[in-house]
Amino acid sequence: MKLTFPHMGTLAIPLRSLFEQLGCDVVVPPRTSKATLEIGVKHSPEFACLPLKITLGNLAQALELGADTILMAGGVGPCRFGFYGELHREILKDMGYDFRMVIVDPPQGRIRHIVKVIRSFLPPVTVRQVVRACRLAWVKLTCIDRLEVLANRCRAFETRPGAVSTALDRTLSDIDLAESQEEVLAAYDAGVKRIERSVYADGRPDVVRIAVVGEIYVVLEPFANHSIERTLGELGAVVDRPLNVSHWLKLNVVLDLINMAGGVNPGKLARPYLLHGVGGHGRETIAHAVSYARAGYDGIIQVAPFTCMPEIVAESVLHRVSREQGIAAMTVVVDEQTGEAGLVTRLEAFVDMLRRKKAARSRLVSV
Amino acid sequence: MVTIGMPRALLYYDCAPTWNNFYRILGANVVVSPATTKTTIDAGVSLCVDDACLPVKIYFGHAVALAPLVDFLFVPRLVSIERGKYLCPKFLGLPDMVKAVLGERVRMITPTVDLSKSDRAIYRAVLTAASPITKNPVRTIAAWQACRRQESSSSASSQPEPESKVHVGVLAHPYIIKDAALSFGILEKLNEMGVQAILDDHPKFDADLPGTLQPGRRIFWTHEDRIYAAGMTMASTGAVDGIIVVQAFGCGPGSMIFDLLIRKFRREYSVPALTLSIDEHTGEAGIVTRLEAFVDMLLRTARGCS
Ligand code: SF4
Ligand code: SF4
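For the record, the sequence lines run as chains Y and P. Using my numbering, you'd call the opening residue of the first sequence number 9 and step up by one each time. Using my numbering, you'd call the opening residue of the second sequence number -12 and step up by one each time.
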């Protein structure tokens, strides 16, 4: 058996580690690229959301490399994500592939069930092996999440364009290769030093602070958002991204307690703008917008796939949040036609606008 | 007397008779917005975010037309109208979307209907819905039960089906196909062409179809589940000569389920199918041409066989 799963940001690093430690043969799909997107767009329904198309491309590429078992997360509504696996299976069948698809639904309290589904394709393992594998994967996951937070805060201060991203990429691949917790932690420490070495110690005066929120897949996948965090960082913005892979896992696989996402209580924060969850991360988008406005950030960027239902709801409400909470907001809708150049221009204009606003405000204060 | 406004859009086509009746029994005045026109569409398009689907934009058009005429706009939050299933996420956020745009212009009644876990949850929604008129729970529940009773006695009537050579299954959300302006009067046009259209809400498609999904999984959207079951039944029983899918451009749930259906039609049943996607830029001429060509093809095949 050769197991595969779609990419989402850096999710493949902990997942590969987990299943290899459990004795599986894992085929990680090739890095998401133009070719991936083309396969996905060609075979997906026209109005499917971008994540469905890209992940379909990932799976097809992995099947080409010999994978024969696909692991997908499921869901019970109301968003489309819960149905991805079913559609992927039918499309891949029509493309002529032969494989087995395992869809793991959020347990909704039934941990037993999830264990059964996962054991159905695993080779026999001992409990100790399972504990060890889970620990290692979890350590990798949390180290990666922290490094990304650090990199996003530091890019605005880098000594040389791209220095922070290079340091980050190198550390991520070290973590990917690490085979024990000690190795992971060593790679992490080295990575932190590497990032710190590539920034000026005394910062720069004109930074603005921006939070990137929105639909989790396109927020986490640099290919889908044209490396928005990196671009913003290099334009001189300190970036915060409240969503990360561990939140997603907690939400979809491990706990699925709705109020765990992003470490905030979205229900409370989103009041009075959005009084009910709308699937996906729609309500989190609004909750985050409110909490960053209160924390004094300069701007919010919502990234959403074209036709994404929860984010369309959030976008409709975001104008009101922006108006009433006094934080600038911008929505970036991505699909297969989004061009990088156009996006960079919009981001530049947004950062400039924030900078001017900030300068005007500080003049007022100093007078 | 309190005047309640009912936008003629979205779930109006599923739920309005009950709610209208309910408010009338309670002694309120109910105003329903007139049928969709070009003006409704334009107003909706200008108020709503660009990325929304046309049915949601049209809802805004109806809501803004009603706002000056009523004391309250009735914008329910329909999370789920049956156990274990949901509506499209846009229904879940509808009151908030409308409030963000029309918030200052009109007061709104926004009961939450979430029957995903229990049917009894409807009573909370009913009490909220009645609150601007009466806070008396006994009166409210009595009114609700009265209108449910009237409903069940009247729903038995069904129309006789005219004879026709060609039968076409029409798969679409009710708020698209039953809104003649939104769907370019497709149903009427089919009728004029002598084709019998069969909708997915026909009682004979009520069956719970054993899906082809992974065992234990099912479609978790109310409309889509029904459409899928109806489509599969139409195709597998040969009850129709062709199938027309009418969907909103950019419809989320539709993009998944219609695609799944069309794959199955092609792979397993070879039923001819036509897909029409509709948004504010769609021209009537294009739709009519494609419809006519499709029906011609079906008529030719029917004649060829007989
Ligand atoms: S959240 Fe948006 S992009 Fe993600 S599955 Fe749902 S509709 Fe698609
Ligand atoms: S189901 Fe489709 S058409 Fe209906 S509101 Fe949702 S996206 Fe729009």
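Yeah, the Cβ is synthetic: ideal placement off N, Cα and C, and Gly gets one too. Note that the coordinates shown come from a computational prediction; the quantities given were computed from them, not determined experimentally.
- When secondary structure is reduced to three states using DSSP, His296(Y) falls in the helix class.
- In the three-state scheme derived from DSSP, where H, G and I count as helix and E and B as strand, Arg108(Y) is classed as strand.
- Residues of chain Y with a Cβ closer than 8 Å to the Cβ of Ala39(P) are, in chain order, Ile320 and Ser324.
- Annotation: Ala198(Y) to Cys40(P) spans about 49 Å, alpha carbon to alpha carbon.
- Out of Val341(Y), Leu155(Y) and Pro38(Y), the CA that lies nearest to the CA of Ala232(Y) is found in Val341(Y).
- Within 6 Å of the C-beta of Cys316(Y) there is at least one heavy atom belonging to ligand 1.
- Distances from the alpha-carbon of Leu228(Y) to those of Pro313(Y), Gly244(Y) and Gly285(Y) put Pro313(Y) closest.
- Taking 6 Å as the cut-off, the C-beta of Lys77(P) counts as close to a heavy atom of ligand 2.
- The beta-carbon of Met84(P) is placed less than 7 Å from the nearest beta-carbon of chain Y.
- Contact between Leu65(P) and Met95(P) fails: their C-beta atoms lie close to 14 Å from each other, not under 8 Å.
- Within 8 Å of the CB of Trp208(P), the CB atoms of chain Y belong to Gly85 and Pro86, in sequence order along the chain.
- Remark: three or more beta-carbon pairs, one from each stretch, lie closer than 8 Å, so the stretch 230 to 238 of chain P and the stretch 155 to 162 of chain P are flagged as touching.
- Apart from sequence neighbours up to five positions away, the residues of its chain that approach Tyr305(Y) with a beta-carbon distance below 8 Å are Arg217, Ile218, Ala219, Asp248 and Ile335, ordered along the chain.
- Here DSSP, grouped into helix, strand and coil, assigns Thr12(Y) to strand.
- For the pair Ala164(Y) and Gly170(Y), the Cα-to-Cα distance works out to about 10 Å.
- Taking CB atoms only, Ser33(P) has no neighbour in chain Y less than 7 Å away.
- Counting only unbroken stretches of 3 or more residues, the beta strand (DSSP E) elements lying wholly within the stretch 161 to 188 of chain P are 182 to 186, in sequence order.
- Close partners of Val341(Y) in chain P (Cβ separation under 7 Å): Asp38.
- Under the 7 Å criterion on CB atoms, Val286(Y) is classed as interfacial with respect to chain P.
- Counting of Cβ neighbours within 10 angstroms places Ser128(Y) among the exposed residues, the total staying below 16.
- Of the heavy atoms belonging to ligand 2, at least one sits nearer than 6 Å to the Cβ of Ala235(P).
- Between Gly48(P) and Val18(P), the C-beta spacing is not below 7 Å.
- By the Cβ neighbour-count rule, Val215(Y) is buried, with 16 or more other Cβ atoms within 10 Å of its own.
- The continuous alpha helix (DSSP H) containing Pro230(Y) extends over residues Pro230 to Asn233.
- For Leu247(P), at least one C-beta of chain Y is nearer than 7 Å to its own C-beta.
- Remark: C-beta atoms of Leu174(P) and Ala184(P) approach each other more closely than 7 Å.
- Neighbours of Gly290(Y) in chain P, taken as residues whose beta carbon is under 8 Å from its own, are Pro76 and Gly80 in chain order.
- In this chain, Ala81(Y) is not harboured by any alpha helix (DSSP H); it is covered by the beta strand (DSSP E) spanning Thr77 to Ala81.
- Of all C-beta pairs linking the stretch 347 to 360 of chain Y to the stretch 315 to 334 of chain Y, fewer than three are shorter than 8 Å, placing the two stretches out of contact.
- Sixteen is the threshold: since fewer than 16 other Cβ atoms of the shown chains lie within 10 Å of the Cβ of Val139(Y), the residue is exposed.
- A distance criterion of 6 Å places the beta-carbon of Pro42(P) in contact range of ligand 2, judged by its closest non-hydrogen atom.
- For Gln345(Y), there is no enclosing alpha helix (DSSP H), as DSSP gives it neither H nor E.
- Ranked by Cα distance from Ser118(P), the options Ile249(P), Ala15(P) and Met84(P) are led by Ala15(P).
- Taking 7 Å as the cut-off, the Cβ atoms of Val32(P) and Ile120(P) do not count as close.
- The C-beta separation of Asp76(Y) from Met9(Y) comes to about 6 Å, placing the pair in contact by the 8 Å criterion.
- Look at the stretch 41 to 74 of chain Y: the residues with a C-beta under 9 Å from a C-beta of chain P are Ser52, Pro53, Glu54, Phe55, Ala56, Cys57 and Leu60.
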